[in-house]
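Chemist: Residue numbers (this note's numbering): 1 to 344.
Sharing a structure here in structure tokens format.
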Amino acid sequence: MNEKAKILIIYTGGTIGMKENIESGALSPVNFSEISNEIPEIRKFNFQIDSIEFDTPIDSSDIDFNFWKKLANIIFDNYKKYTGFVVLHGTDTMAFTASMLSFMFVNLNKPVIFTGSQLPIGMLRTDGKENLISAIEIAAAKENNQSVVPEVCIYFENRLFRGNRTRKSNAEYFNAFASENYPNLANVGINIKYNYKYINYPTKQLDCFSVNTKIENRVGVLKLFPGITKEFVNAIVNTSNIKALVLETFGSGNAITKKWFLDILKNANKKGLVIANVTQCSAGSVQQGKYQTSVGLIDAGVISGNDITTEAAITKLMHLLAQNYSIEEVKKQFETSISGEMSV
Ligand code: ASP
1 MNEKAKILII YTGGTIGMKE NIESGALSPV NFSEISNEIP EIRKFNFQID
51 SIEFDTPIDS SDIDFNFWKK LANIIFDNYK KYTGFVVLHG TDTMAFTASM
101 LSFMFVNLNK PVIFTGSQLP IGMLRTDGKE NLISAIEIAA AKENNQSVVP
151 EVCIYFENRL FRGNRTRKSN AEYFNAFASE NYPNLANVGI NIKYNYKYIN
201 YPTKQLDCFS VNTKIENRVG VLKLFPGITK EFVNAIVNTS NIKALVLETF
251 GSGNAITKKW FLDILKNANK KGLVIANVTQ CSAGSVQQGK YQTSVGLIDA
301 GVISGNDITT EAAITKLMHL LAQNYSIEEV KKQFETSISG EMSV
């Protein structure tokens, strides 16, 4: 462990810092001083730990693109001063925020570790203490003057994941997150065992971190199901001003072969809508053309999301569409890996 490490904890809200309202019984966020009082253990770290909190801590269900810009800018403004960053965030949309930040950051060379908890930190059986303590240790870890994990990650219940590979997979148990298509970056037991070969390291010494805060949020998701109607597909695909659609398909990227369905997609594609094929399965990959039921999608101009998560696909499209690229360039970039979010 590096003795001179400096860690910035950014508290945005989420269950980790929530308390029960005496009247309604509902959980809502409290401020950071109440959280740190619950966890005096962090004072035992022999390095500097500072904190910043959002003026009004929120439940992560309320997060929007302004929140992402604000969070990215806080990290940018403090980048040079700190060894690493720990972001306390609600679990519900943590995978979206971690994905978005992985696209907004350019030349990141320090750890940005998201964590939170399933039970508030003030509760006896809370998972928040272990999550926060290990996240701080990971954010501070350096070897040979290089951060051990210079990525946007999620740390939860003994496992460190690449943020843009995760999804919230469990609303009940402490192992709330899964990264089915990419190995854990670290497993935590008595020791923290890093999986170095799966961690992205900069190829040269970078001192040019920047943040790209442009976001286009006119995107959508259409999840297919047997019996879906033409009216419904039409309404979603032809939503006014929509720029991109994540099409959540069956299995390895399969969809309805009916003419009306493929015609709607083909026409929308001709008008400039970017349609990306992402599987509804939590593991595995889209392979357009493997089955006859995905051949029509290729013809309709649908691009492949490969093994990307819906969370990463949506945020990647929001990022790409805001960059003044041509539609062809957006499609090309979508099918390549920008920040380790897909296996290509
Ligand atoms: N609703 C909470 C949130 O996402 C859930 C949590 O933090 O676990 O903010």
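Quick reminder that beta carbons are idealized off the backbone N, C-alpha and C, glycines included.
Please report the straight-line C-alpha distance between S61 and S36, rounded to a whole angstrom.
Modeler: 23 Å
Chemist: Taking one C-beta from the stretch 266 to 275 and one from the stretch 117 to 129 each time, how about it: are there three or more such pairs within less than 8 Å?
Modeler: no
Chemist: Does the distance between the C-beta of S24 and the nearest non-hydrogen atom of ligand 1 fall short of 7 Å?
Modeler: no
Chemist: If you follow the beta strand (DSSP E) that I58 is part of, which residue opens it and which one closes it?
Modeler: Q48 to I58
Chemist: What are the complete beta strand (DSSP E) segments, minimum 3 residues, inside the stretch 200 to 279?
Modeler: Segments of the beta strand (DSSP E) lying fully in the stretch 200 to 279: 219 to 223, 244 to 249 and 274 to 279.
Chemist: Can the beta-carbon of I7 be found closer than 8 Å to that of A140?
Modeler: yes
Chemist: Quick check on this structure: which residue in P202, N78 and L320 has the alpha carbon closest to the alpha carbon of E216?
Modeler: Checking every option, the nearest Cα to that of E216 belongs to L320.
Chemist: What are the boundary residues of the alpha helix (DSSP H) that G128 is part of?
Modeler: G128 to A140
Chemist: Just the Cα atoms here: how many angstroms apart are N2 and L245?
Modeler: Confidence at N2 is low in this model, with a pLDDT of 47, below 50, so its placement is unreliable and the value that follows should be read with caution. The alpha-carbon atoms of N2 and L245 are separated by roughly 45 Å.
Chemist: Leaving out the 5 sequence neighbours to the left and right, which residues in its chain are closer than 6 Å to V237 when beta-carbon positions are compared?
Modeler: Correct list, in chain order: I264 and A268.
Chemist: Note down, one range per segment and in chain order, each beta strand (DSSP E) of at least 3 residues found wholly within the stretch 151 to 187.
Modeler: 152 to 156 and 159 to 162
Chemist: Among N254, E311, N306 and A313, whose alpha-carbon lies nearest the alpha-carbon of Y291?
Modeler: N254
Chemist: Where are the beta strand (DSSP E) runs, 3 residues long or more, that stay fully inside the stretch 272 to 326, in chain order?
Modeler: Unbroken beta strand (DSSP E) stretches of 3 residues or longer found wholly inside the stretch 272 to 326: 274 to 279, given in chain order.
Chemist: Got a sec: does ligand 1 put a non-hydrogen atom nearer than 7 Å to the Cβ of D127?
Modeler: no
Chemist: With distances taken from CA atoms, which of F209, T239 and Y82 is nearest F103?
Modeler: F209
Chemist: For the beta strand (DSSP E) containing I63, list its first residue and its last residue.
Modeler: Looking at the DSSP string, I63 is not in any beta strand (DSSP E), and its letter there is neither H nor E.
Chemist: One question on the structure: do K197 and A186 come within less than 8 Å of each other, judged by their Cβ atoms?
Modeler: no
Chemist: Apart from the five residues just before and just after K19, which ones in its own chain have a Cβ nearer than 6 Å to its Cβ?
Modeler: V30
Chemist: Output the boundary residues of the beta strand (DSSP E) element that contains S28.
Modeler: Element bounds for S28: L27 to P29.
Chemist: Look at the alpha carbon of I303 and the alpha carbon of S240, and state the distance between them as a whole number of angstroms.
Modeler: 21 Å
Chemist: What is the DSSP secondary structure of Y82, reduced to helix, strand or coil?
Modeler: Of the three classes helix, strand and coil, the one that applies to Y82 here is coil, per DSSP.
Chemist: Taking the alpha helix (DSSP H) that E38 falls in, what are its first and last residues?
Modeler: F32 to E38
Chemist: When you compare only the Cα positions, how much space is there between N144 and V219?
Modeler: One C-alpha to the other measures close to 43 Å.
Chemist: State the DSSP-derived secondary structure class of V149, mapped to helix, strand or coil.
Modeler: Assignment of V149 by DSSP, reduced to helix, strand and coil, places it in the coil class.
Chemist: My output table needs one value for I75: the three-state DSSP class, helix, strand or coil.
Modeler: helix
Chemist: Whose C-beta lies closer than 8 Å to the C-beta of E151 among residues of the same chain, with five residues either side of it excluded?
Modeler: Closer than 8 Å at Cβ, skipping near neighbours: S102, L108, P111, V112, R162, G163, L185, I199, N200 and G340.
Chemist: Would you call the CB atoms of T97 and Q118 closer than 8 Å?
Modeler: no
Chemist: Look at the Cβ atom of S252, then the Cβ atom of G284, and state whether they are nearer than 8 Å.
Modeler: In contact: S252 and G284 (Cβ atoms closer than 8 Å).
Chemist: Among I275, V286 and A135, which one has its Cα closest to the Cα of F45?
Modeler: A135
Chemist: Hey, P57 and G116: beta-carbon distance below 8 Å or not?
Modeler: no
Chemist: Spatial neighbours of Q288 within its chain, please: C-beta separation below 8 Å, excluding the five flanking residues on both sides.
Modeler: G253, N277, S294, V295, L297, I298, V302 and S304
Chemist: Is it buried or exposed for S147, if we count other Cβ within 10 angstroms and need 16 for buried?
Modeler: buried
Chemist: Using 8 Å as the threshold, is the C-beta distance between A95 and T336 below it?
Modeler: no
Chemist: State the DSSP-derived secondary structure class of G116, mapped to helix, strand or coil.
Modeler: coil
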